[in-house]
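Comments concern the structure below.
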């Protein structure tokens, strides 16, 4: 029959239209519309009604692995940058948008493990995440903030160290799984250090026992350090 | 070919190459690392022998490599047999650098046409006997051949990355400040940019006049008088129409220059390169791992497949094998990519047919869900950058498999059936697609087209089966094939392939180990790749995607070439369109399913 396809198609559209309201009403009673939970269902495998999201009024939650321009992690406990300016991120960066100036000791002119200047040219960065993946100190991480547009496209998009640095509490908040892994690794490293220290102390004690003339010094337990590569 | 063997050049010719040696004697010499070098006098003869007597009927890849140290350029050919499974036959031809002339193989394999033009354009190898040897990706005002080792780009900084200026004294500087634009652009001698437009277009239109007469040749007879053709009944003038480069139907910046007799196409010349960024030269500057995110940007609709193809090629050189769980993750990702790509292709094919955006948006809903999966695992929806040499970048997050199962087992089969139910039998689609843009099996093989295009023409050839890689030999699936070779069959075969992909996905999701390593060996920010040559290929959603990687043992690839299916499939566009109406050119192009990021590279 002519026109049956058209009618069928309009039926599909009509159903979509009504189901949208039904689904929305459901969520008014289930903790409110436009929450992360609602959005995950609305644009999820069980979606029945409207599929689109009215950005920026409505937003989808971003997954933990989501990556955008990197940021530098600042260790709030030790009150220092995690970055040691080893340069691995600058070397692995595919578009070569990371620029690092290493700090040199003014007296000896030897390198000190912290960056003097750190730039990421966000207009060149392709957000591939290789820098964060290969950083041995967990010092550079990928951000979740994807709204970077600005009125000027040259200087505002070259991010310097000040703009790039964010506290590790922020990192812990957006990357909970990664943060747990870090804590676990730190704990293990600390345990290993403690064991090493204990072994060294035992050795010393044994040596002291062999030579009772020498007094054994008390051994400090070393502070936990971030795991090296 | 890989690993330890890669360190030493091939001393003796074995297997099929020995047959070649027996036949042609001294004209055949062993090549470095792999393949045989055929003397230029014997090349066409040998190619005919390879095609007809040895059965390697499908010329997959042609590319050039520049070796300034030996003062030579080398052309590398990879030929396969569509009737048998197994490894490629690699043969090469050499020519001195300053007078690089190699006989063209277009008379043996028509599929060599665009690839030889590309090798001329980028490496500067002249192919004697090529019907239309002119630049294909670059414009006429381009000076030099960029893949020659001594050619430097406008913003040249250093031969290889990482650049010394970045660390430890990395004071930021913009490339445009260092090398101001206009000081760094050269034109060939006797080239006047002001005169360019007229000249270049004249060259394109000139080509339209001498397009070979195909099976619909009754319309393509060359005319005697300059301004038009005569048919028996009505006197009409030939009309030249440009479709594109800015045209909604070309799916990007792609141009088709068409001559028309009434509404019927008599000749069609594709013009491309508007999105060219010299990906392969960038690839030579990059280190091996740095190329991985760049492969995402080739066919940006199916970045996971691109990742896998490149990873396979480099893994061949490094001789590493990913652990079990990583293999499964790879297969799952790649098959999801195929579904993603095909729903997009189908949606936009219908868009071209006039079903404005409704089917496309229905397709995109499924794509959106798959992209969510990619985002959760890889961190990005389209630029996934997920595969590594010997594994994948990171393990799947918690709950990923469950979400994937929900989509693959429940939602996708239902939605694909919906697609089929609502669209396949629509009268308009059948009328517009059936019998349009026919490509016979013979022509399909001749023109080296790949993927759904090849299989819709009745050639049951799929790299996953023919030259099995990763763990595809464990899965139970069929290679979809259709017989008519028209646009309608290309539509149907994509539906078939989605169903087969769902089948593979179901098995993979059932079999994937719950935990395990995802990376073989230790992760290195500079992969150590031994010297050698490798050709890794995967059955991408658009067709056979091949990566030809040459390593000389340095951290950067010596040569990095991509056999881009959407580029090579376009070889058949002209012959398919001749004899059809101009409106059909749009859907024939849509049925090839090109992505300009890959076509132009």
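Chains as they are written, first to last, in the numbering used here: chain Z, 59 to 287; chain W, -18 to 582. Think of the CB as a built atom: it goes at the ideal place given N, C-alpha and C, for glycine as much as any other residue.
Contacting residues, own chain, Cβ-Cβ under 7 angstroms from residue 461(W) (five flanking each side not counted): 436, 474, 477, 478 and 481
Closer than 7 angstroms, CB to CB, is residue 263(Z) near chain W or not? Taking Cβ atoms only, chain W never reaches closer than 7 angstroms to residue 263(Z), which makes this a no.
How would you label residue 374(W), buried or exposed, when you count the other beta carbons within 10 angstroms and need 16 or more for buried? Residue 374(W) should be labelled buried.
Which listed residue (500(W), 371(W) and 272(W)) has its alpha carbon closest to that of residue 301(W): 371(W)
Looking only at its chain, what residues have a beta carbon closer than 7 angstroms to the beta carbon of residue 130(W), apart from the 5 residues adjacent to it on each side? 47 and 49
Extract the residue ranges of the alpha helix (DSSP H) inside the region 130 to 180 of chain Z, only unbroken runs of 4 or more that lie entirely within it. If we require 4 residues or more, the alpha helix (DSSP H) runs fully inside the region 130 to 180 of chain Z come out as 146 to 150.
Interface flag, residue 160(Z) vs chain W, CB-CB below 7 angstroms: yes
Just to confirm the assignment, what range does the alpha helix (DSSP H) spanning residue 397(W) have? Unbroken alpha helix (DSSP H) run through residue 397(W): 393 to 404.
As a quick exercise: from 170(Z), 154(Z), 204(Z) and 244(Z), pick the residue whose alpha carbon is nearest that of residue 161(Z). 170(Z)
Grab me the residues of residue 546(W)'s own chain with a C-beta within less than 7 angstroms of its C-beta, minus the 5 sequence neighbours each way, in chain order. So the list reads 431, 432, 521, 523, 524, 525 and 526, once near-sequence residues are dropped.
Give, in chain order, every residue of the region 337 to 360 of chain W whose Cβ lies closer than 8 angstroms to some Cβ of chain Z. 339, 346, 349, 350, 353, 356, 357, 358, 359 and 360
DSSP beta-bridge partners for residue 251(W)? BP columns for residue 251(W) point to 237(W).
Could you tell me the distance, in whole angstroms, from the CA atom of residue 87(Z) to the CA atom of residue 386(W)? 29 angstroms
Taking 7 angstroms as the CB-CB cut-off, is residue 579(W) touching chain Z? The C-beta of residue 579(W) comes no closer than 7 angstroms to any C-beta of chain Z.
Would you mind sorting residue 496(W) into buried or exposed? The rule is 16 or more other CB atoms within 10 Å of its CB. exposed
Which chain W residues sit within Cβ distance under 8 angstroms of residue 141(Z)? None at all; the shortest Cβ gap to chain W is about 12 angstroms.
Less than 6 angstroms between the CB of residue 247(W) and some heavy atom of the ligand FAD, yes or no? Although the ligand FAD was asked about, the structure shown includes no ligands whatsoever.
Contact between the region 89 to 104 of chain W and the region 224 to 241 of chain W (3+ Cβ pairs under 8 angstroms): no
Please go through the same chain and pick out, in chain order, the residues whose beta-carbon is closer than 6 angstroms to the beta-carbon of residue 172(W), but skip the five residues on each side of it. 122
According to DSSP, is residue 478(W) helix, strand or coil? helix
Three-state class that DSSP yields for residue -14(W) in the structure shown: In this predicted model, residue -14(W) has a pLDDT of only 38, less than 50, meaning its place in the structure is not dependable; the value taken from the coordinates is given anyway. Helix.
Judging by CA-CA distance, which residue of 166(Z), 143(Z) and 224(Z) is the nearest neighbour of residue 199(Z)? 224(Z)
So with CB distances below 8 angstroms, who are the chain W contacts of residue 75(Z)? Near residue 75(Z) there are no residues of chain W at all, since even the closest Cβ is about 14 angstroms away, more than 8 angstroms.
Chain W contact residues for residue 109(Z), given Cβ-Cβ distances below 8 angstroms: 346 and 349
Between residue 148(W) and chain Z, is any beta-carbon pair separated by less than 7 angstroms? yes
Measuring straight from C-alpha to C-alpha, what distance separates residue 510(W) and residue 219(W)? So the two alpha carbons sit approximately 56 angstroms from each other.
N-terminal and C-terminal residue of the beta strand (DSSP E) that residue 524(W) is part of: 524 to 532
Leaving out five residues before and five after residue 169(W) in sequence, what residues of the same chain have Cβ atoms less than 6 angstroms from its Cβ? 124
Determine whether the Cβ of residue 167(Z) lies closer than 7 angstroms to any Cβ atom of chain W. no
Just checking my contact of residue 255(W) with residue 276(W) at CB under 8 angstroms: how many whole Å lie between their CB atoms? That belief does not hold up - the Cβ atoms of residue 255(W) and residue 276(W) are roughly 21 angstroms apart, past 8 angstroms.
Taking all protein chains shown into account, do 16 or more other C-beta atoms lie within 10 angstroms of the C-beta of residue 253(W), making it buried, or fewer, making it exposed? buried
Using a Cβ-Cβ distance under 7 angstroms, would residue 103(Z) count as near chain W? yes
Of the listed residues 380(W), 369(W) and 362(W), nearest to residue 503(W) (C-alpha basis): 369(W)
Please state whether DSSP places residue 60(W) in a helix, a strand or coil. strand
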